[in-house]
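Okay, so here's the structure we're looking at.
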Amino acid sequence: MRDKTQSYFAGFMDFIREQGVMGLAVGFILGGAVSKIVASLVQDIINPILGIILGAAGGLSKAYLAIGSAKIMWGNFASVVIDFIVVALVVFFGIKVLGLENIDKKKEKR
429 MRDKTQSYFA GFMDFIREQG VMGLAVGFIL GGAVSKIVAS LVQDIINPIL GIILGAAGGL
489 SKAYLAIGSA KIMWGNFASV VIDFIVVALV VFFGIKVLGL ENIDKKKEKR
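Every position in the sequence shown, counted from 1, becomes a number in my numbering once 428 is added.
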């Protein structure tokens, strides 16, 4: 029984090493942290500046278009789009700077 348990554990550790599970876990953790930083950048710096430029009181995320009794919250939507663009740029430049653009491609055997 003990040998079987050690065999399963060894197989599990091989899986962790070969499939890059630790790298995936680190990526999720860093992704969450970067997401918070980008959200703060957009909400605390970019939106207020755009709000001043566009004349929206309270920043861009509070901007809306009133049609009758309905409010179209276009500023909030624009904030989410800006947030996405900044995250995409951070990921793009992070991959370029770290030279990871070919990480998923298999190495050619010589």
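Glycine included, every Cβ here is placed at the ideal spot set by N, Cα and C.
DSSP three-state assignment for residue i, whether helix, strand or coil
i: ALA491; result: coil
CA nearest to the CA of residue i, picked from the options
i: GLY503; options: ALA461, GLY496, GLN447 and GLY487; result: GLY487
i: LYS479; options: GLY460, GLY496 and ALA506; result: Reading off the sequence shown, one finds Gly at residue 479, where the question assumed Lys. Of GLY460, GLY496 and ALA506, the residue nearest in Cα terms is ALA506.
Extent of the continuous alpha helix (DSSP H) run through residue i
i: ILE523; result: 502-526
i: ILE465; result: 449-469
Heavy atom of the ligand ATP within 7 Å of residue i beta-carbon
i: ALA498; result: Judged by which ligands are present, the structure shown has none, so any question about the ligand ATP falls away.
Cβ pair residue i, residue j closer than 8 Å
i: ILE465; j: ILE510; result: no
Q.
Does the structure place the stretch 457-475 close enough to the stretch 512-522 that three or more beta carbon pairs sit under 8 Å?
A. yes
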